Amino acid sequence: MKHKFPEDQLIEAPSGKIPKLYSCAECRNGAGLDFSFTMAFQPIIDWNQKTIYSHEALVRGTSGESAYSILSKLNATNRYQFDQSCRIKAIQLASQIGIPSYLNINFLPNAVYQPETCIRTTLEASQEYQFPLNRLVFELTEGEEVQDHDHIINIFKKYQEYGFLTAIDDFGSGYSGLNLLAKFQPDLIKLDMELIRNIHTNSVAQKLTKAIAGVCQEIGIKVIAEGVETIEELKVLVDMGISLYQGYLFSKPAFESAGEVFYPTL
36 MKHKFPEDQL IEAPSGKIPK LYSCAECRNG AGLDFSFTMA FQPIIDWNQK
86 TIYSHEALVR GTSGESAYSI LSKLNATNRY QFDQSCRIKA IQLASQIGIP
136 SYLNINFLPN AVYQPETCIR TTLEASQEYQ FPLNRLVFEL TEGEEVQDHD
186 HIINIFKKYQ EYGFLTAIDD FGSGYSGLNL LAKFQPDLIK LDMELIRNIH
236 TNSVAQKLTK AIAGVCQEIG IKVIAEGVET IEELKVLVDM GISLYQGYLF
286 SKPAFESAGE VFYPTL
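All letters in the sequence shown, in the order written, are residues 36 to 301 by this note's numbering.
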């Protein structure tokens with residue numbers, strides 16, 4: 036299913052009507068949106084190395100309002116432009132903060148019209164803010180129903196051609212799951228936090244997580260356990276051989292900041 040844009044977001048081109056392209060500066064300043072937003076950053080840590088592997092950019096209101104307060108404003112008219120503006124804002128702030136790790140950016144699966152069009156502003160932002168392209172990770176948010184799997188796979192492949200890493204977020208909670216993984220293998224998957232929650236008391240969740248981690252290791256995909264909040268959960272996951280983690284146990288999202296990381300003693 037192709038994304039349909041309102042007429043006021045389309046311009047004439049030799050090939051027909053295409054989405055209006057905003058410049059990097061326009062995207063950064065929220066062109067086409069009637070609300071403002073910023074980012075918080077949450078570290079993803081490498082437990083074995085005791086280092087920060089990446090920071091995930093998480094949308095927030097300009098006064099620290101929740102992601103929901105911003106995402107609830109999205110509709111068919113502004114979804115595409117919001118997706119573009121998020122990329123620019125995340126890269127801009129990551130550069131200003133001096134984040135030295137990878138940068139994870141979520142993208143809305145039904146907002147990306149053409150990968151080449153969307154990548155243009157990303158390339159501009161990377162150049163303007165001097166943030167290396169090979170440190171960008173684009174996450175597919177599985178919580179939103181994927182309307183066209185072939186289109187998503189094409190997006191992922193284009194991203195990889197440009198040297199971006201790719202990830203499936205909230206793996207196990209959404210509408211794609213194993214079907215998407217069978218067709219395309221991203222660089223990373225992030226296990227859904229509901230699978231991780233109290234995993235030390237849930238033998239079925241342990242078996243499922245171990246199986247997913249084992250398959251991913253065999254096909255060369257790194258696994259991130261997200262939503263880790265207790266040492267008990269961490270112990271079980273470490274015993275499974277998982278090394279990448281995200282969660283309140285290590286660091287909460289920091290408003291327009293890289294935050295600080297705590298490495299507990301097991």
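Every residue gets a Cβ at the ideal spot worked out from N, C-alpha and C, and that includes glycine.
A quick note: this is a predicted structure, and the numbers were derived from the prediction, not measured.
Its chain contains Phe-285 and Ser-286 as the residues whose beta carbon lies nearer than 7 angstroms to that of Phe-297, once the 5 sequence neighbours on both sides are disregarded; these appear in chain order. DSSP places Glu-261 inside the beta strand (DSSP E), whose first and last residues are 257 to 261. Under the three-state reduction of DSSP, Thr-112 is assigned to coil, being neither helix nor strand. In the DSSP annotation of this structure, Ile-134 is not part of any alpha helix (DSSP H), being labelled neither H nor E. Burial is judged here by how many other beta carbons sit within 10 angstroms of a residue's own beta carbon; Phe-70 has fewer than 16 and is exposed. Counting the other Cβ atoms within 10 Å of the Cβ of Asp-204 gives 16 or more, which makes it buried.
Below 8 angstroms, too few C-beta pairs join the stretch 99 to 108 and the stretch 121 to 140 to call them touching: fewer than three.
With fewer than 16 other Cβ atoms inside 10 Å of its own Cβ, Pro-299 counts as exposed. For Glu-268, the enclosing alpha helix (DSSP H) begins and ends at 266 to 274.
For the pair Ile-277 and Ala-102, the Cα-to-Cα distance works out to about 28 angstroms.
Relative to the Cα of Glu-174, the nearest Cα in the group Ala-125, Glu-100 and Ile-224 belongs to Ile-224. Distances from the alpha-carbon of Val-250 to those of Ile-80, Asn-237, Gln-220 and Glu-264 put Gln-220 closest. Counting only the Cα atoms, Ile-123 lies some 20 angstroms from Ala-111. Within the stretch 193 to 232, the complete alpha helix (DSSP H) runs of at least 4 residues fall at 212 to 218 and 228 to 231.
As the crow flies, the alpha-carbon of Ala-202 is around 7 angstroms from that of Val-172. Around the beta-carbon of Leu-128, 16 or more other beta-carbon atoms lie within 10 Å, marking it buried. Measuring C-alpha to C-alpha distances from Leu-216 to each of Ala-240, Ile-256 and Ile-231 identifies Ile-256 as the nearest. Residue pairing for Thr-86: DSSP places it in a beta bridge opposite Asp-81. Minimum Cα-Cα distance from Gln-119 among the listed residues Asn-237, Gly-133, Thr-156 and Phe-199 corresponds to Thr-156. In the three-state reduction of the DSSP assignment, Asn-141 falls in the strand class, which pools E and B.
For Leu-226, the closest alpha carbon among the candidates Ala-75, Met-74 and Ile-79 is that of Ile-79. Within the model, the alpha-carbon separation for Val-263 versus Tyr-283 is close to 6 angstroms. In the DSSP assignment, Gln-281 forms a beta bridge with Glu-261.
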